[in-house]
Amino acid sequence: MKTRKIPMRTCVACQAKRPKRELVRIVRTPQGDLVLDHKGKVSGRGAYVCNRKSCVGEAIKTRRLERALEVILTDVMVDALYRDVEGASDGDMA
Ligand SMILES: [Zn+2]
């Protein structure tokens with residue numbers, strides 16, 4: 001019997017468990033910047049959210065993202081996250 005393990009991660013906003021590639025990883029770099037890690041290659045402390053604005057917004061509003069990453073979000077960071085996730089969502093209007 002073959003079992004293929006798909007790495008699952010939990011969205012910090014809606015708590016849904018999804019395959020890793022359906023989520024975006026938001027990483028706090030050692031420099032203290034926040035970046036969206038689309039390729040899973042950025043090192044640093046990371047949190048996962050669904051790749052859509054509603055979940056990114058929720059994660060920010062509820063401060064779950066700040067808690068998960070132990071970071072204080074600035075307006076600049078929030079703007080950048082929204083811009084980045086908009087660019088990333090490929091026709092998914094949900
Ligand atoms: Zn979500």
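Numbering (the working numbering), first residue to last: 1 to 94.
By construction, the Cβ of each residue, glycine as well, lies at the ideal position given by its N, Cα and C atoms.
All of these numbers come straight from a predicted model, not from anything done at the bench.
Expressed to the nearest angstrom, what Euclidean distance is found between the alpha-carbon atoms of residue i and residue j?
i	j	result
Val-42	Lys-2	31 angstroms
Cys-11	Tyr-82	16 angstroms
Using a threshold of 8 angstroms, state whether the C-beta atoms of residue i and residue j are closer than that.
i	j	result
Ala-65	Ala-47	Strictly speaking, residue 65 in this sequence is Leu, with Ala absent from that position. Cβ atoms of Leu-65 and Ala-47: closer than 8 angstroms.
Arg-9	Leu-69	no
Val-24	Val-85	yes
For residue i, which of the options has the nearest alpha-carbon?
i	options	result
Val-76	Gly-32, Gly-40, Ala-13, Met-8	Gly-32
Glu-30	Val-71, Asp-84, Val-78	For the sequence presented, residue 30 should be read as Pro rather than Glu. Of Val-71, Asp-84, Val-78, the residue nearest in Cα terms is Val-71.
Pro-7	Asp-79, Arg-67, Gly-40	Gly-40
Asn-51	Arg-67, Arg-18, Arg-4	Arg-18
With which residues is residue i paired in a DSSP beta bridge?
i	result
Arg-18	Arg-9
Val-78	According to DSSP, which records beta bridges pairwise, Val-78 is partnered with nothing at all.
Gly-46	Val-27
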